[in-house]
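Step one of this worksheet: look at the structure below.
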Amino acid sequence: MIKNVKGSEDFDSTSFIIFLYKWRKPLVIITLAAMIISIVVSSPLFITPKFKSTVILYPVSTSSISKALLSENASEKQDVMQFGEEEQTEQMLQILNSNRIRDRVIEKYGLEDHYEIDPNSSSPKTKLYKTYESNISFRRTEYMAVQISVLDKDPVIAANIANDIAELLDSTKNAMQKERAIRAYKIVEGEYHQQLDFIQTMEDSLTVLRKLGVHDYESQAEMINQQLAIELAKGNKSGVKALEDKLEVLAQYGGPYVSIRDQLEFEKKQLSEIKAKYEEAKVDAEEVLPQKFVVDNAYPAEKKSYPVRWIIVLVSTISAFILGILILAVLESLGRYSKKKSLTLK
-14 MIKNVKGSED FDSTSFIIFL YKWRKPLVII TLAAMIISIV VSSPLFITPK
36 FKSTVILYPV STSSISKALL SENASEKQDV MQFGEEEQTE QMLQILNSNR
86 IRDRVIEKYG LEDHYEIDPN SSSPKTKLYK TYESNISFRR TEYMAVQISV
136 LDKDPVIAAN IANDIAELLD STKNAMQKER AIRAYKIVEG EYHQQLDFIQ
186 TMEDSLTVLR KLGVHDYESQ AEMINQQLAI ELAKGNKSGV KALEDKLEVL
236 AQYGGPYVSI RDQLEFEKKQ LSEIKAKYEE AKVDAEEVLP QKFVVDNAYP
286 AEKKSYPVRW IIVLVSTISA FILGILILAV LESLGRYSKK KSLTLK
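Read in order, the letters of the sequence shown correspond to residues -14 to 331 in the numbering used here.
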């Protein structure tokens, strides 16, 4: 049985070689024709060559300038020189894919005309956006960086678009954060000035009390009582009367003085905390920092990246060769079947 199997395998391989030899001319013609056609079709006459430019960049770890530069409790992740991690990378990709950046690139480079999209055709915007997405892509690399890739028939435009998108990342993210930071700054600014006014009101009240003779309730009361004892011992009635008048003033205004003084001390501590937040919010609202570390800028490519001509030719040629074998095998089988059927009828 083993001998029969080996014989069958030898027969099949031999038959296949004989089959190829028998149909060598048609197969050669089919293969050469496919090669020539694929060479012609993949030429610039039929497929516009495109050049690829890329930008490699890393996100920053923190977007808050105040926390990175002014905060005393800033962690390593809030270091202005620290590279971002997976979360920041995903945020960067989301912003790069935003409509804001897409629309600004389309407007700046007139991509509707550049991509030769007829504005009077059906759904021109959809066609424009699909063409944009097919030529401009963003992906995360294995090293947690972000790669901006741009394909275009003009290598200079491809490089310019890639570099501009990297710059638009800064302006877009800063604009989004600036809107929120300005609102936060206005809130803290209002609280800060309100606290200043409140403290000024209390200080004005203390000034009035000082004019009435209350300067330091505890020390004044102690000194007046000591002096009163001395004057009583001397029998100085006028001195005793003057001291009793002062004690009466202290008794009347001393309580409010102590209350306002202690409250003022507390409010000044609160003001110090609010001022720190106010200064941080002001920095976030008025200043900007780059939102990325650029590893590689884009430059005009010298060689086209699309289409890859040799792959098109190779795949087309091999596919045509295999398809030719299958078609010829079917034709030969049909011929044998017809011949066998005609012999049977005879």
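Cβ coordinates follow ideal geometry from the N, Cα and C atoms, glycine included. Being a predicted model, the structure only gives us computed values, none of them experimental.
* Asked: Exposed or buried, what is Asp269 when buried is set at 16 or more other beta-carbons lying within 10 Å of its beta-carbon?
  -> The residue is buried, with at least 16 neighbouring Cβ atoms inside 10 Å.
* Would you identify the three-state DSSP class for Ser119, choosing helix, strand or coil? => helix
* Find the nearest neighbour of Lys158 within the set Ser318, Pro34 and Lys277, judged by alpha-carbon distance. => Lys277
* Asked: How many whole angstroms separate the CB atoms of Ile146 and Ile121, which I take to be in contact at a CB cut-off of 8 Å?
  -> 7 Å
* **Asp269 - DSSP class collapsed to helix/strand/coil** => Looking at Asp269 - three-state DSSP - the assignment turns out to be helix.
* Asked: Just to confirm, are Tyr94 and Thr116 a CB contact at a threshold of 7 Å?
  -> no
* To do: Counting only the same chain and skipping the five closest in sequence on each side, list residues whose C-beta sits under 6 Å from that of Ser323.
  => none
* Coarse secondary structure for Tyr177, derived from DSSP in three states -> helix
* Per-residue DSSP class, three states only, for Tyr100 -> If DSSP states are grouped into helix, strand and coil, Tyr100 belongs with coil.
* **Of the residues Lys231, Phe183 and Ser223, the one placed nearest Phe251, counting alpha carbons only** => For Phe251, the nearest C-alpha among the options comes from Phe183.
* Could you tell me the boundaries of the alpha helix (DSSP H) in which Thr74 lies? => Glu71 to Leu81 is the extent of the alpha helix (DSSP H) around Thr74.
* Nearest to Ile133 by alpha carbon, out of Ala19, Tyr170, Ile86 and Lys231? -> Scanning Ala19, Tyr170, Ile86 and Lys231 for the CA closest to the CA of Ile133 turns up Ile86.
* To do: Confirm, please, whether the CB-CB distance from Tyr170 to Ile259 is below 7 Å.
  => no
* Asked: What are the start and end residues of the beta strand (DSSP E) that includes Lys277?
  -> Per DSSP, Lys277 is one residue of the beta strand (DSSP E) stretching across Lys277 to Asp281.
* **With 16 other Cβ atoms within 10 Å as the buried cut-off, status of Gly69** => Per the 10 Å Cβ criterion, buried.
* Asked: Can you round the beta-carbon distance between Thr302 and Ser27 to whole angstroms, since I take them to be within the 8 Å contact cut?
  -> No, Thr302 and Ser27 are not in contact; Cβ-Cβ is about 12 Å, not under 8 Å.
* Return the chain-ordered list of same chain residues with a C-beta closer than 8 Å to the C-beta of Tyr242, the five sequence neighbours on each side being excluded. => Leu191, Leu194, Val199 and Tyr202
* How big is the Cα-Cα spacing for Glu287 and Asp137? -> 13 Å
* Asked: What number of angstroms, rounded off, separates the C-alpha of Gln162 from the C-alpha of Glu152?
  -> Between Gln162 and Glu152, the C-alpha separation is close to 16 Å.
* **Lys262 versus Asp230 - alpha carbon distance** => Roughly 47 Å between the two C-alpha positions.
* Measuring alpha carbon to alpha carbon, tell me which of Met77, Ile150, Glu174 and Leu96 ends up nearest Ala130. => Met77
* **Range of the contiguous alpha helix (DSSP H) that encloses Val40** => Note, Val40: premise wrong, no alpha helix (DSSP H); beta strand (DSSP E) at Phe36 to Pro44.
* Identified DSSP bridge partners for Ile133 -> Val40 and Phe123
* Counting only runs that start and end within the region 133 to 163, where is the alpha helix (DSSP H) found for 4 or more residues in a row? -> none
* Determine the direct distance from the alpha carbon of Ile150 to that of Lys7, and round the result to whole angstroms. => 60 Å
* In whole angstroms, what separates the C-alpha of Leu154 from that of Glu127? -> If you draw a straight line from the Cα of Leu154 to the Cα of Glu127, it is about 21 Å long.
* C-alpha distance - Trp295 paired with Ser38, whole-angstrom precision -> Each residue's Cα considered, the two are about 21 Å apart.
* Asked: Are there 16 or more other CB atoms within 10 angstroms of the CB of Gln237, so buried, or fewer, so exposed?
  -> Here Gln237 is exposed. Its C-beta has fewer than 16 other C-beta atoms within 10 Å.
* To do: Give me the Cα-Cα distance between Lys222 and Glu207, rounded to the nearest whole angstrom.
  => Roughly 20 Å separates the two Cα atoms.
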